[in-house]
Amino acid sequence: FWFGLIPGLECDLALNLVGQHLVRQLVVKGVREFLQNHDPIKPLVMSFHGWTGTGKTYVSSMLVRNLFRDGIRSPYVHQFSPIVHFPHAEQIEQYKENLKSWIQGNLTNCGRSVFLFDEMDKMHPGLIDVIIPFLGPSWVVYGTNYRKAIFIFISNGGGEQINQMTLDLWYARKDREEISLQDLESAVSEAVFENPNNGFWKSGIIEENLIDLLVPFLPLKQHHVKQCVMNELTQQGLPVRQDVIQAVADSIPYFPEEERVFSSTGCKTVASRVTFFS
42 FWFGLIPGLE CDLALNLVGQ HLVRQLVVKG VREFLQNHDP IKPLVMSFHG
92 WTGTGKTYVS SMLVRNLFRD GIRSPYVHQF SPIVHFPHAE QIEQYKENLK
142 SWIQGNLTNC GRSVFLFDEM DKMHPGLIDV IIPFLGPSWV VYGTNYRKAI
192 FIFISNGGGE QINQMTLDLW YARKDREEIS LQDLESAVSE AVFENPNNGF
242 WKSGIIEENL IDLLVPFLPL KQHHVKQCVM NELTQQGLPV RQDVIQAVAD
292 SIPYFPEEER VFSSTGCKTV ASRVTFFS
């Protein structure tokens, strides 16, 4: 069903994901181990954290592109956005019912479904806990075998902490590529799970350790932004010109303001800037 995924995903990440050594290691290893296990005891649950434009949505779309022929448009890929699907705080009980039955129904249709939860930092606290029964190690929930599914949570939550720690390590002359998950994990967890404005606030998903992989996306440096510009020029079929690459990279805001080390918006605005400067 998911034959050939790992080499394709590994290649895709190596070629197209800019500046995220931790993400490449964690996602490839986690997905490989999960797919090689023909009888997993629970679904694969990953939580992507980092500042805007660092590649969280990009990696999840890359993953489903390698899982399903139709990628994000596959009937087995289900995306939830708090702004689109759960906009009104006063309707939270109704949303809980809807979410539970959506997941149950889709898992009944296909046990290898993928569920993407965007902008977890904007999700109403308490809502996501309704899916806890689907995330844990149980044989059957509501008559559905769900242990081969993949759940991905995407969040800007923890992004400030990741940026600050990456900057502190830069000041301490530690190379960005030397940063490990251990350097970041506890600070990110604390920032995300103890923030009352976050969808994971005091969540049972955290208390019961149902997240298999917390994946931090690091802020990007100027040479990473230039790589994104080159990729974008190639994708748009435009000539790869150094003056355009430099102009786009220079036009992006960086922090700290004086040293201009890390991009404030990652590669988020690169595509529109390429159009402007080409």
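The sequence shown begins at 42 in my numbering and counts up by one.
Ideal Cβ placement from N, Cα and C applies to all residues, glycine included.
Model, not experiment: these values are computed from the prediction.
For the putative contact between Gly177 and Leu251, defined by C-beta atoms under 8 Å, what is the C-beta separation to the nearest angstrom? Start at 1 with the first residue of the sequence shown, and residue 177 comes out as number 136. Start at 1 with the first residue of the sequence shown, and residue 251 comes out as number 210. The C-beta distance from Gly177 to Leu251 rounds to 6 Å, short enough to fall under 8 Å.
With distances taken from CA atoms, which of Ser319, Tyr136, Asn236 is nearest Asp162? Start at 1 with the first residue of the sequence shown, and residue 162 comes out as number 121. Here the closest residue by C-alpha is Asn236.
Using the rule of at least 16 other Cβ atoms within 10 Å of the residue's Cβ for burial, across every protein chain shown, is Gln277 buried or exposed? As a working mapping, residue 277 is identified with position 236 in the sequence shown. Flag for Gln277 reads exposed.
Sufficient close CB pairs (3 or more, under 8 Å) joining the region 165-174 to the region 242-250: Yes: the two stretches touch, three or more of their Cβ pairs being nearer than 8 Å.
Taking only runs of the beta strand (DSSP E) that begin and end inside the region 146-188, which ones reach a length of at least 3 residues, in chain order? As far as the region 146-188 is concerned, its whole beta strand (DSSP E) runs of at least 3 residues are 155-158.
Using DSSP with H/G/I as helix, E/B as strand and the rest coil, what is Lys70? Translated into positions along the sequence shown, residue 70 becomes position 29. Taken through DSSP and simplified to helix, strand or coil, Lys70 comes out as helix.
For Ser221, count neighbouring C-beta atoms within 10 Å of its own C-beta (all shown protein chains included) and say buried if the count is 16 or more, exposed if not. Numbered from 1 along the sequence shown, position 180 holds the residue referred to as residue 221. Label assigned to Ser221: exposed.
Here's the rule I'm using: 16 or more other beta-carbon atoms within 10 Å means buried, otherwise exposed. How should Thr95 be labelled? Counting from 1 along the sequence shown, the entry for residue 95 is found at position 54. That one is buried.
Please go through the same chain and pick out, in chain order, the residues whose beta-carbon is closer than 7 Å to the beta-carbon of Ser122, but skip the five residues on each side of it. Walking along the sequence shown from the start, residue 122 turns up at place 81. Asp159, Glu160, listed in sequence order.
Reducing DSSP to helix, strand and coil, say where Ile325 ends up. A question about residue 325 goes unanswered here, because the residues of the chain that appear run from 42 up to 319.
With H, G and I counted as helix, E and B as strand and the rest as coil, what does DSSP make of Pro257? Start at 1 with the first residue of the sequence shown, and residue 257 comes out as number 216. Pro257: strand per DSSP, three-state reduction.
Please report the residue range of the beta strand (DSSP E) in which Ser88 lies. Counting from one through the sequence shown, the residue named residue 88 turns up at place 47. Note, Ser88: beta strand (DSSP E), 85-91.
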